[in-house]
Amino acid sequence: MRYSKRAGLSSLPGRKVRLATAALLVATTFAACGGGGDDGDDDGGTPAAGGPKAPATVPELSDDPTTLSFVWFEWPPAQALEDFANAEYTKERPNVTIEVNTVPNANWHDAMFTQFAAQQTDFDIAILDSQHIGEAVTNGNILDITDFVNENIDVDAYDPYLLAAYGQYPQAETGQRDEDASLYGLPLLGDTWTMIYRKDLIGDEPPETWDEMIDTAQKCQDENPGVSGLAFHQANGSDAAAVTYNTVNGVYGGNLWNSADKQIEGVINDEAGQKAMDVLVNEMKPLTAKGSGNWFIDETNAAVAQGKACIAFQWIAAAGGLLDPAQSTLGTTEDEILDKLGFATLPTQDSDVVPLGGMGMHISAYVSESQQAEALNFMKWFEQEDIQKKWAAAGGVPSRTDAIQSPEFLEAGPFNQVYADSVARMRDMWNVPEYAKLIDIENTNVNAALNGAKSPEDALNDIAEQQQGVLDGGGGL
Amino acid sequence: MTTTTDRPVQEASSTTPAPGGSPRLSDRGLAVAFISPALLLLLGMSVFPLLWALYLSFTDYSATRATGANFVGFDNYSLILGSSEVHKRALTTLIYVVGAVLLQTVLGFSIAYLISRRTRGRGALTTLFLVPMMLSPVVVGLFWKFMLDAQFGVINSMLGSLGFGQVEWLTRQRTALFSLIVVDTWQWTPFIMLIALAGLTAVPNYLYEAASIDRASEWFRFRHITLPMVWPLLLIAVMFRAIEAFRLFDLVYILTSGGPGVSTETLSFHVYKVAFLGFNTGTASAYGILMVLVVIVLAQFYLRYLNKLKEG
Numbered sequence: 001m002r003y004s005k006r007a008g009l010s011s012l013p014g015r016k017v018r019l020a021t022a023a024l025l026v027a028t029t030f031a032a033c034g035g036g037g038d039d040g041d042d043d044g045g046t047p048a049a050g051g052p053k054a055p056a057t058v059p060e061l062s063d064d065p066t067t068l069s070f071v072w073f074e075w076p077p078a079q080a081l082e083d084f085a086n087a088e089y090t091k092e093r094p095n096v097t098i099e100v101n102t103v104p105n106a107n108w109h110d111a112m113f114t115q116f117a118a119q120q121t122d123f124d125i126a127i128l129d130s131q132h133i134g135e136a137v138t139n140g141n142i143l144d145i146t147d148f149v150n151e152n153i154d155v156d157a158y159d160p161y162l163l164a165a166y167g168q169y170p171q172a173e174t175g176q177r178d179e180d181a182s183l184y185g186l187p188l189l190g191d192t193w194t195m196i197y198r199k200d201l202i203g204d205e206p207p208e209t210w211d212e213m214i215d216t217a218q219k220c221q222d223e224n225p226g227v228s229g230l231a232f233h234q235a236n237g238s239d240a241a242a243v244t245y246n247t248v249n250g251v252y253g254g255n256l257w258n259s260a261d262k263q264i265e266g267v268i269n270d271e272a273g274q275k276a277m278d279v280l281v282n283e284m285k286p287l288t289a290k291g292s293g294n295w296f297i298d299e300t301n302a303a304v305a306q307g308k309a310c311i312a313f314q315w316i317a318a319a320g321g322l323l324d325p326a327q328s329t330l331g332t333t334e335d336e337i338l339d340k341l342g343f344a345t346l347p348t349q350d351s352d353v354v355p356l357g358g359m360g361m362h363i364s365a366y367v368s369e370s371q372q373a374e375a376l377n378f379m380k381w382f383e384q385e386d387i388q389k390k391w392a393a394a395g396g397v398p399s400r401t402d403a404i405q406s407p408e409f410l411e412a413g414p415f416n417q418v419y420a421d422s423v424a425r426m427r428d429m430w431n432v433p434e435y436a437k438l439i440d441i442e443n444t445n446v447n448a449a450l451n452g453a454k455s456p457e458d459a460l461n462d463i464a465e466q467q468q469g470v471l472d473g474g475g476g477l
Numbered sequence: 001m002t003t004t005t006d007r008p009v010q011e012a013s014s015t016t017p018a019p020g021g022s023p024r025l026s027d028r029g030l031a032v033a034f035i036s037p038a039l040l041l042l043l044g045m046s047v048f049p050l051l052w053a054l055y056l057s058f059t060d061y062s063a064t065r066a067t068g069a070n071f072v073g074f075d076n077y078s079l080i081l082g083s084s085e086v087h088k089r090a091l092t093t094l095i096y097v098v099g100a101v102l103l104q105t106v107l108g109f110s111i112a113y114l115i116s117r118r119t120r121g122r123g124a125l126t127t128l129f130l131v132p133m134m135l136s137p138v139v140v141g142l143f144w145k146f147m148l149d150a151q152f153g154v155i156n157s158m159l160g161s162l163g164f165g166q167v168e169w170l171t172r173q174r175t176a177l178f179s180l181i182v183v184d185t186w187q188w189t190p191f192i193m194l195i196a197l198a199g200l201t202a203v204p205n206y207l208y209e210a211a212s213i214d215r216a217s218e219w220f221r222f223r224h225i226t227l228p229m230v231w232p233l234l235l236i237a238v239m240f241r242a243i244e245a246f247r248l249f250d251l252v253y254i255l256t257s258g259g260p261g262v263s264t265e266t267l268s269f270h271v272y273k274v275a276f277l278g279f280n281t282g283t284a285s286a287y288g289i290l291m292v293l294v295v296i297v298l299a300q301f302y303l304r305y306l307n308k309l310k311e312g
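Written out as structure tokens, the structure reads:
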């Protein structure tokens, strides 16, 4: 009797609980579906592909205490930017505090684009790699600032390609800017590779051609046991190994793609491309330290600072730490270190291109109008000639020609002349929405070739086939 | 017997509410009130996302594109099941799971067996062995990355002092996967050890005493008393570890990033790439659902085997 009573009791609330559960699930589902629909249809919260337009002039700014947030990856320029902006921008806007939030380099893309996907960002300004612009613009994640730039920025003060590389979409032809194209960002930090060489081991004059550089590295390695001939980026995270291959590809006269026809197959793996991959894997890799197949910025710097490499390749913006005696075994003062280290532009061979690095500032489409106004004001302030020179003196790499040629910049670091001399030689990768997949394909395959997991020829052909598949809209997983 | 065991429950349920309690809230109402927060949390955080992922797996939805979700039937599932890229990752995952779980089981049981035979310092030793399990996998990955560094790592330094050459632990195809297995084994062997130890201490002493009287050898006692008694518990530990190892992500992310090339990319790591590099949310959802299904089906077979073992 008692058992049946209990069973009866349990059935009714059980049914109620099940009904409540089902109702809750349905409600949650509607909430999830409805949220997206509302955003897109009613209030314009979801910007159309191409991104909402920023006003042509800076709107009225708030006098309330304001924090302007950036997102970048963890490296010295991030701290330099925060210190510089808090010291200088606050002179104009005392109520504003600048925060540069950083994530590990490998998480940089995900940290920004997962927030973009959620249509809610905790940063006002995203510092995007030049190749991220296509993805962000296509998804409507960042503001179109074309009108703002036309009204507030002296575009003639820049090398046209630098202005295009850090802001324009669709992507510009190498070395040019399309003045009819829209702009979605402004330069924050220019960058390219520098060749770092040991003057005390190979002499004061750097090698001028790529072949000569390899011979010099080989000779240096043979003559100095314990010191490897070369150190460069080989890791399969971020864009490490891919940039290395792209650089060698450019030096030997290759191309990454035919941008007009969106053709990669047959272009990257043509004769010049195959030659470049062969040089990288069979001539350069044997001159690197054992186990260096996962090296990126920090590991390459460590090898140079510890005196373990004759010649190394590094981003200029990441080379500052090499002059710090506290981190180096090459000398107890900066002058002693500079007696041993030289910085030069990359050697040429069949062509004279160098990789374009650096990043631009882009305003999130998902922050309030007052934050967007503050971000626009910051960008207008930052791109002024005197501020760009101060940024150069503080360790930044400017993009305005007058700032690049200024003594403030050229005398701020021994590698800054390298940047000034490299501007006309820069070449970027693909700036398309599929960039993240393209770079992953290239990174993993080049890394596989460098570490013996694939033959150089197979790796290059796989890159061409898989990347073409992505651009053609398929490409599997 | 049944009547006597039921009685306390019946008596408890018929007890009048304590003075001061709400006269309107019955015992069952109170039970529902207490369970509701946990139930709501479970529904919101687990059940709903799972159902939502199931729905997305039949669409071409992308979290970053404003194009909405179009129904594509089983296209995502057929793409994944027919992809040679997925087959490659499945093989890597299988090698990893078998290698890591096998090594952990042998080591964990051996350590537990040795500890169980020791009477002094048993508690301290057990606690010491449990330390790796209490660390975050990311922390474990980071310090093993330094230890396994070919140039500056302590492992190669030790090998060098013994006259061996440098080993490229994380940048060669075979050593990279082996390194992942070793690191996972270092961290999770204590888990197997703990469960095996619980089983070993539960073996009744009189069985060993009887075997001693019969002058049974050490091996005979292990083979016919210890192992059969601990075996079911050990199999449950193996199942937990296999499920954990099957969804390995963190160690791969920190130690090898899936390299060299993609040779240490596990299924979970690949799902991450599909989900966050291409933002193919629908495909990634189908990939995740398939992984869950594989685990459920294999676990069901395994549990049936365990039940048979129990009945036998």
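The listed protein sequences correspond, in order, to chains E and G.
When the letters of the first sequence are read in order and numbered with the UniProt record's numbering, they come out as residues 1 to 477.
When the letters of the second sequence are read in order and numbered with the UniProt record's numbering, they come out as residues 1 to 312.
C-beta: ideal position from N, C-alpha, C; glycine also.
Source: prediction; values computed, not measured.
Chain E partners of residue i, CB-CB under 7 Å?
| i | result |
| --- | --- |
| T175/G | The premise fails here: T175/G is roughly 10 Å from chain E at the closest Cβ pair, so nothing lies under 7 Å. |
| S263/G | A453 |
| L277/G | A436, K437 and D440 |
| K273/G | D440 |
For residue i, write down the residues that DSSP places opposite it in a beta bridge.
| i | result |
| --- | --- |
| V354/E | M426/E |
| Y197/E | I311/E and G342/E |
| G73/G | Answer is none; G73/G lacks a bridge partner. |
| L230/E | I311/E |
| N258/E | Q263/E |
| M361/E | I127/E and L186/E |
| D144/E | K53/E |
| D191/E | G357/E |
| Y287/G | According to DSSP, Y287/G bridges with nothing at all. |
Who are the neighbours of residue i on chain G, taking C-beta pairs under 8 Å?
| i | result |
| --- | --- |
| G140/E | A66 |
| A448/E | G259, P260, G261, V262 and S263 |
| K290/E | A150, Q151, Q166 and E168 |
| L113/E | The residue asked about is misnamed: residue 113/E is Phe in this sequence, not Leu. In chain order: T64, F276 and F279. |
List the residues of chain E whose Cβ lies closer than 8 Å to the Cβ of residue i, in chain order.
| i | result |
| --- | --- |
| V86/G | L477 |
| P232/G | Result: empty, since nearest Cβ-Cβ is about 32 Å, beyond 8 Å. |
Any idea what DSSP makes of residue i, helix, strand or coil?
| i | result |
| --- | --- |
| A126/E | strand |
| G474/E | coil |
| I268/E | coil |
| Y158/E | strand |
| A63/G | coil |
| D42/E | Residue placement at D42/E cannot be trusted, given a pLDDT of 37 that sits under 50; the coordinates are not used to answer. |
| V248/E | helix |
| S13/G | Only weak support is given to the placement of S13/G: the predicted model assigns it a pLDDT of 47, under 50, and the question is left unresolved by the model. |
| T333/E | coil |
| D27/G | helix |
| R221/G | helix |
| T226/G | helix |
What does residue i reach in chain G if we use C-beta pairs closer than 7 Å?
| i | result |
| --- | --- |
| D110/E | F276 |
| G237/E | S257 |
| N445/E | G261 |
| residue 520/E | Outside the shown range of chain E, which is 1 to 477, sits residue 520/E, and nothing can be said about it. |
Under 8 Å, Cβ to Cβ, is there at least one residue of chain C near residue i?
| i | result |
| --- | --- |
| K91/E | Of the chains in the structure shown, none is chain C; the protein chains are E and G. |
Is it true that the segment 217-224 of chain E meets the segment 402-410 of chain E, where meeting means three or more beta-carbon pairs spaced less than 8 Å apart?
-> Taking 8 Å as the limit for Cβ pairs, the verdict is that the segment 402-410 of chain E does not touch the segment 217-224 of chain E.
Cβ pair count under 8 Å reaching 3, the segment 165-178 of chain G against the segment 259-273 of chain G = Yes: at least three Cβ pairs fall under 8 Å.
Does the pairing of the segment 416-424 of chain E with the segment 234-247 of chain G give three or more beta-carbon distances under 8 Å?
-> Short answer: they don't touch.
Does the pairing of the segment 328-340 of chain E with the segment 197-211 of chain E give three or more beta-carbon distances under 8 Å?
-> Under the Cβ criterion (8 Å, minimum of three pairs), the segment 328-340 of chain E counts as touching the segment 197-211 of chain E.
Determine contact between the segment 95-113 of chain G and the segment 285-294 of chain G, defined as no fewer than three beta-carbon pairs at a distance below 8 Å.
-> Using a C-beta cut-off of 8 Å, the segment 95-113 of chain G makes no contact with the segment 285-294 of chain G, since fewer than three inter-stretch Cβ pairs fall below that distance.
Touch test, the segment 133-148 of chain E against the segment 327-336 of chain E, Cβ-Cβ under 8 Å, three pairs minimum | Because the criterion of three Cβ pairs below 8 Å is not met, the segment 133-148 of chain E and the segment 327-336 of chain E do not touch.
Within the segment 420-464 of chain E, ranges of the alpha helix (DSSP H) (whole runs, at least 4 residues) = List check, alpha helix (DSSP H) in window: 435-450.
Considering only residues of the segment 77-139 of chain G, which uninterrupted alpha helix (DSSP H) runs meet the minimum length of 4 residues and lie entirely inside it, listed in chain order?
-> Runs of the alpha helix (DSSP H) inside the segment 77-139 of chain G: 84-116 and 122-130.
Three or more C-beta pairs closer than 8 Å, one from the segment 127-136 of chain G and one from the segment 156-171 of chain G: is that the case here?
-> Contact check between the segment 127-136 of chain G and the segment 156-171 of chain G: fewer than three CB pairs, one atom from each, fall below 8 Å, which does not count as touching.
Contact between the segment 67-84 of chain E and the segment 92-109 of chain E: three or more CB pairs below 8 Å?
-> Note that the segment 67-84 of chain E touches the segment 92-109 of chain E; at least 3 beta-carbon pairs, one per stretch, sit closer than 8 Å.
Every unbroken alpha helix (DSSP H) inside the segment 64-138 of chain E [4 residues or more] | Unbroken alpha helix (DSSP H) stretches of 4 residues or longer found wholly inside the segment 64-138 of chain E: 76-92, 108-117 and 133-138, given in chain order.
Would you call the segment 368-377 of chain E and the segment 340-360 of chain E in contact, with 3 or more CB pairs under 8 Å?
-> The segment 368-377 of chain E vs the segment 340-360 of chain E: no contact.
Just checking, does the segment 381-401 of chain E make contact with the segment 79-86 of chain E on the three C-beta pairs under 8 Å criterion?
-> The segment 381-401 of chain E, when compared against the segment 79-86 of chain E, does touch it at the 8 Å Cβ threshold.
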